[in-house]
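A.B. asks: In full-length UniProt numbering, the protein residues as written are 1 to 205.
The beta-carbon is built from N, C-alpha and C at its ideal position, and this holds for glycine as well.
Given the structure is predicted, the values throughout are model-derived calculations rather than measurements.
Here it is as structure tokens:
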């Protein structure tokens, strides 16, 4: 790595650490706002329906309202996303051996386009990049592939430090990619320029 690359990496790391702080604060504020708004919506419902205040019923309504508001906040990109449940990726030993090198001409490394959240371990380690606009989803390039995919060699450039989902992912029964893994029959939808986002749109329709 030359000096310019080192400077860029250091600069990005400084920005990432600063953004991490703002994201943590925003996440804490969002959580508190969610709690307050949940109580408010629940109280309005109860007062409208019964004209009185019952703490037990209010608490139950608060839980229901919280779930609805959390979904709305998520749709608007509010808050941060972490991998759940979390585990030490370096202690993970249940990975599946797949002959990726013999299948790349078919799948075109489609798994490297799949979005997922990083863990706190990944973020604090500062090696795996995440989307500044959607913390803490793994970063993708303009071509839709993971930022850490070596485009020429079609291999991971941070393999030793790759996230847990990459270590444990098993594509064999993933119908988004393979219609028949053993016989090498790929799902033709992976060739769509907006894959895999188009799959989510189909589900919503």
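For residue 112, is the classification buried or exposed, using 16 other Cβ atoms within 10 angstroms of its Cβ as the cut-off for buried?
C.D. replies: In the chain shown, the residue the question calls residue 112 occupies position 112. It is buried - the Cβ of residue 112 has at least 16 other Cβ atoms within 10 Å.
A.B. asks: Kindly indicate which three-state DSSP category residue 123 falls into: helix, strand or coil?
C.D. replies: Counting from 1 along the chain shown, the entry for residue 123 is found at position 123. The answer is helix: DSSP assigns residue 123 an H, G or I state.
A.B. asks: Could you tell me which residues DSSP puts in a beta bridge with residue 178?
C.D. replies: Working through the chain shown from its first residue, we reach residue 178 at position 178. According to DSSP, residue 178 bridges with 186.
A.B. asks: According to the neighbour-count rule (16 or more other Cβ atoms, all chains shown, within 10 Å of its Cβ), is residue 55 buried or exposed?
C.D. replies: The residue labelled residue 55 in the question sits at position 55 within the chain shown. By the neighbour-count rule (16 or more Cβ atoms within 10 Å), residue 55 is not buried but exposed.
A.B. asks: At which residues does the alpha helix (DSSP H) containing residue 165 begin and terminate?
C.D. replies: Locating residue 165 in the chain shown gives position 165, where the first residue counts as 1. Per DSSP, residue 165 belongs to the alpha helix (DSSP H) from 164-168.
A.B. asks: Could you check where the alpha helix (DSSP H) with residue 106 kicks off and where it finishes?
C.D. replies: In the chain shown, counting from the first residue as 1, residue 106 sits at position 106. From DSSP, the alpha helix (DSSP H) with residue 106 extends over 104-107.
A.B. asks: Beta-carbon within less than 8 Å of residue 179's beta-carbon, same chain only, minus the 5 sequence neighbours each way: which residues are those?
C.D. replies: Mapped onto the chain shown, residue 179 falls at position 179. Result list for residue 179: 185, 186, 187, in chain order.
A.B. asks: Give the DSSP-derived three-state secondary structure of residue 9 in the structure shown.
C.D. replies: Within the chain shown, numbered from 1, the residue matching residue 9 stands at position 9. Of the three classes helix, strand and coil, the one that applies to residue 9 here is helix, per DSSP.
A.B. asks: Where DSSP assigns a beta bridge to residue 137, which residues make up the other side?
C.D. replies: The sequence position of residue 137 within the chain shown is 137, counting from 1. Partner(s): 117.
A.B. asks: DSSP three-state label for residue 150, please.
C.D. replies: Within the chain shown, the letter at position 150 stands for residue 150. If DSSP states are grouped into helix, strand and coil, residue 150 belongs with the strands.
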